[in-house]
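Report on the structure given below.
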Amino acid sequence: MISFLIFLGVFLFMECVTWLTHKYIMHGLMWYFHEDHHQPKYEDTFERNDIFFVIFAIPSIVLFYFGVQAGFNYLFFIACGVTTYGACYFLIHDVLIHQRFKWFKNTKNKYLIGLRKAHKIHHKHLGKEHGECFGMLFVPFKYYKM
25 MISFLIFLGV
35 FLFMECVTWL
45 THKYIMHGLM
55 WYFHEDHHQP
65 KYEDTFERND
75 IFFVIFAIPS
85 IVLFYFGVQA
95 GFNYLFFIAC
105 GVTTYGACYF
115 LIHDVLIHQR
125 FKWFKNTKNK
135 YLIGLRKAHK
145 IHHKHLGKEH
155 GECFGMLFVP
165 FKYYKM
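Each number in our numbering corresponds to the 1-based position in the sequence shown with 24 added.
So, in structure tokens, the structure goes:
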């Protein structure tokens, strides 16, 4: 039971980490890597922005390694929470919203439509200033009602 609570707590906490990282790192110090993601009709398969998947994967890999070495202790379940959030982020952000893979083109789900709307608002700003909606899985309720 405690393992599941660690996993769930880390998964939920990752939304806060994502919001803070997106607002202050991606739209701040590391804008160089994130900037191409805000340009319309990006034509390459990969973006400089994809470096953030690697940046988040490294701690997960390290946590998995040490968690397994210690007999599947709490580090393993922290890694599970981070990795599961990363998988959800990929499916929501890259597949559903940006359609980098054409898997979920015509959803009628209000939650998923709300996520799309909030992210569209985020991308209306091509520069790093004046951004809004920096989260991914939890966005303001007003986007579900639009």
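Even for Gly, the Cβ is constructed at its ideal location relative to N, Cα and C.
{"query": "Own chain partners of I137 with C-beta closer than 8 Å, once the 5 adjacent residues on each side are dropped", "result": "T131, Y168"}
{"query": "Nearest-angstrom Cα separation, counted from L87 out to M25", "result": "20 Å"}
{"query": "Extent of the continuous alpha helix (DSSP H) to which K134 belongs", "result": "134-147"}
{"query": "Euclidean distance between Cα positions of E39 and G33", "result": "10 Å"}
{"query": "C-beta contact flag for M160 and I116 at 8 Å", "result": "yes"}
{"query": "Which of helix, strand or coil DSSP assigns to H122", "result": "coil"}
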